[in-house]
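A short worksheet on the structure shown next.
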Amino acid sequence: MRTSASHVADAVVVGGGTVGGWCAYFLRRSGLDRVVLLERRTLGEGASSRAAGVVRTQGGTPWAVQLGEWSRTFYLRQHDELGIDSGFIRQGYVLPCFTAADVAAARERMAMQQSLGLEIRWLEPGQLDALNPTLAPGLTLGGTYCAEDGFITPPRNVTAYAVALAVSGVEVRERVAFTGLVTDSDVVTGVNTSAGPIAAPLVVLTGGPELAQVAGLAGIRVPTGGVRHQVAVTQPHPDLARERVPMVFDLSAGLYWRPEEGGLLFGMSNPDEPPGEAACVDEPYLALMRERLAELVPVTAGLGLRKIWAATIDYTPDHLPIIGPAITGDRTLTGATVASAGGAGMMWGPAVARAAADVALAKTSAVVDVTELGLDRFDAAGNSRLGTDPIALPFPEHAPQPAGRLTLS
Ligand SMILES: Cc1cc2nc3c(=O)[nH]c(=O)nc-3n(C[C@H](O)[C@H](O)[C@H](O)COP(=O)(O)OP(=O)(O)OC[C@H]3O[C@@H](n4cnc5c(N)ncnc54)[C@H](O)[C@@H]3O)c2cc1C
């Protein structure tokens, strides 16, 4: 057991959220002896402990499907690997369609998802209503359903990677901030931190909603941001018992829900809200979402709320993850890798973490083809050359402007 902080490491990972936490664990498991994880606050204190926990494999792109499926199977095997798990519950997830255009898009997506091996099926309107007796009947034109999708308990996931880090021997340094990279020409040789420098040939930069600032400390432009996302949980009701309520994503409104403690947990982002740190609950927007929820799940109309929270969610302009080498100007930095789950860190986080560890070690990953997922897909204004993932929350779809940036306090 190490008793003092290392000044030399084989790899340093910045950020103790689910992406950085699992990445440090995977690097250690890949055989690196000295892996240091830097977290400027405490493990999970960013987005990762505040999420809704939804794990959806029904992605809008092959990358999303593969990352979701890898993460789902990781959650299923965690207990055998670690003796602890993130609390994954197989609940089943419905994406209902309300227009003919929704149906056409859903059927096309389903063909892509099935071609990648997902067990997903089409539900006719009557079948969808029968599967989901809490939904107001006759509203949909059918939808896609994946019985394997589910949810984790985000604070338990933080506990799970904290345990994984401890038992695997990663050196976790909480309340230590990354302050910059040390380089020799374009080769990374270490990091500077609030507690002094650490020499290391490999560095993985994460940061969730603060990734742009973390990378900015090293002169790397990453066009990601953070924006308010809010979640509420209704009081319990017998109609909302877990066996009666599949998870549902109403894509048209950007509203999703799942069972929680005998009630419904529902979450949403306001697409018109400018990026920035979530300071408080947006009561008027919450009221709008409650109206939409009550239209779709009438029993919720009369229910009080037992929990509400707002937190800052990370996003990328194309709602896709970032996994690739760090770039400053037009130069690639050897030894530095950037990783973001693009606001889907519960459903993609472990897979993004594994892929980032692979890229750091070998430039490539068997988890997903990362060729297109690097920073070089963004132009100078932060616009992506890739199409936006269509199955995502309605986050802002543009790179954050400087005025909307978060501050590192
Ligand atoms: C309300 C809410 C609900 C959500 N629901 C879902 C969901 O249902 N499903 C889903 O898939 N995703 C969901 N998400 C998104 C998911 O939580 C994030 O994508 C994920 O947690 C991001 O993980 P991360 O490790 O990249 O970032 P974080 O968890 O934010 O971790 C980044 C860490 O970096 C640290 N850091 C920052 N600067 C420095 C520095 N200079 N030095 C050292 N450390 C630093 C921060 O303190 C932080 O702990 C939700 C998010 C929110 C806010």
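Numbering-wise, the numbering used here puts 80 at position 97 of the sequence shown, and it's gapless, one number per residue.
Glycine residues also receive a C-beta, built at the ideal position from the N, C-alpha and C atoms.
Can you give me the Cβ contacts of residue i inside the same chain, cut-off strictly under 6 Å, excluding the 5 residues immediately before and after it?
{"i": "V146", "result": "I67"}
{"i": "A324", "result": "V2, P304, W331, G332 and V335"}
{"i": "H302", "result": "G325, T371, D372 and A375"}
{"i": "R388", "result": "Confidence is the limiting factor: at R388 the pLDDT is only 37, short of 50, which leaves the residue's position unreliable, though a coordinate-based value still follows. So no residue of the chain qualifies."}
What residue range is occupied by the uninterrupted alpha helix (DSSP H) comprising residue i?
{"i": "E243", "result": "First-last for E243: L238 to E243, but that is the beta strand (DSSP E), not the alpha helix (DSSP H)."}
{"i": "Q41", "result": "Careful: Q41 lies outside any alpha helix (DSSP H) and carries neither H nor E."}
{"i": "G4", "result": "T1 to R12"}
{"i": "E107", "result": "It is not in any alpha helix (DSSP H) - E107 carries neither H nor E in the DSSP assignment."}
{"i": "E274", "result": "E266 to L279"}
{"i": "G202", "result": "Looking at the DSSP string, G202 is not in any alpha helix (DSSP H), and its letter there is neither H nor E."}
Buried or exposed for residue i, going by 16 or more other Cβ atoms inside 10 Å?
{"i": "I291", "result": "exposed"}
{"i": "T82", "result": "exposed"}
{"i": "L223", "result": "buried"}
{"i": "P385", "result": "At P385 the pLDDT is 45, less than 50, meaning the model places this residue with poor confidence; the figure from the coordinates comes in the next sentence. Its Cβ having fewer than 16 others within 10 Å, P385 is exposed."}
{"i": "A113", "result": "exposed"}
{"i": "T354", "result": "exposed"}
{"i": "C6", "result": "buried"}
{"i": "D132", "result": "buried"}
{"i": "V263", "result": "Note that residue 263 is Cys in the sequence shown here, rather than Val. Counting Cβ neighbours within 10 Å, C263 comes out exposed, since fewer than 16 surround it."}
{"i": "E154", "result": "buried"}
Within its chain, find whatever has a CB closer than 7 Å to the CB of residue i; leave out the 5 residues flanking it on each side and keep chain order.
{"i": "A143", "result": "Q61, L65, I67, D68 and S69"}
{"i": "V170", "result": "T317 and G318"}
{"i": "T283", "result": "T217, L247, L276 and A277"}
{"i": "G312", "result": "none"}
{"i": "I135", "result": "G36, V38, Y58, S69, G70, F71 and M329"}
{"i": "L78", "result": "Q41, A89, G126, T127, F232 and L234"}
Could you give the distance in angstroms between the alpha-carbon of residue i and the alpha-carbon of residue j?
{"i": "L316", "j": "G179", "result": "22 Å"}
{"i": "Y239", "j": "D(-7)", "result": "41 Å"}
{"i": "C129", "j": "W105", "result": "9 Å"}
{"i": "L203", "j": "A363", "result": "Note that residue 203 is Ile in the sequence shown, not Leu. So the alpha carbons of these two residues sit roughly 12 Å apart."}
{"i": "A88", "j": "R360", "result": "25 Å"}
{"i": "G173", "j": "A339", "result": "18 Å"}
{"i": "C37", "j": "P137", "result": "Here residue 37 is Val; the residue named in the question, Cys, does not match the sequence. If you take the alpha carbons of V37 and P137, they lie about 9 Å apart."}
{"i": "P45", "j": "S(-13)", "result": "44 Å"}
{"i": "V197", "j": "E91", "result": "38 Å"}
{"i": "F232", "j": "G14", "result": "40 Å"}
{"i": "L200", "j": "S177", "result": "12 Å"}
{"i": "L188", "j": "P377", "result": "25 Å"}
{"i": "P116", "j": "G75", "result": "14 Å"}
{"i": "G152", "j": "A236", "result": "44 Å"}
Which residues bound the beta strand (DSSP E) around residue i?
{"i": "V214", "result": "G208 to T217"}
{"i": "P79", "result": "Y76 to P79"}
Looking at chain D, is there any beta carbon in it that lies within less than 7 Å of the beta carbon of residue i?
{"i": "L271", "result": "Included in the structure is just one protein chain, with no chain D present."}
CB of residue i to nearest heavy atom of ligand 2: below 6 Å?
{"i": "H302", "result": "The ligand content of the structure shown is limited to ligand 1, which means ligand 2 is not among them."}
Near residue i, which residues of its chain fall below 8 Å by C-beta distance, leaving aside the five closest residues on each side in sequence?
{"i": "V342", "result": "I306, G307, P308, T320, S348 and V353"}
{"i": "Y120", "result": "First, the amino acid is wrong: residue 120 is Pro here, not Tyr. Taken in chain order, the residues that qualify are D112."}
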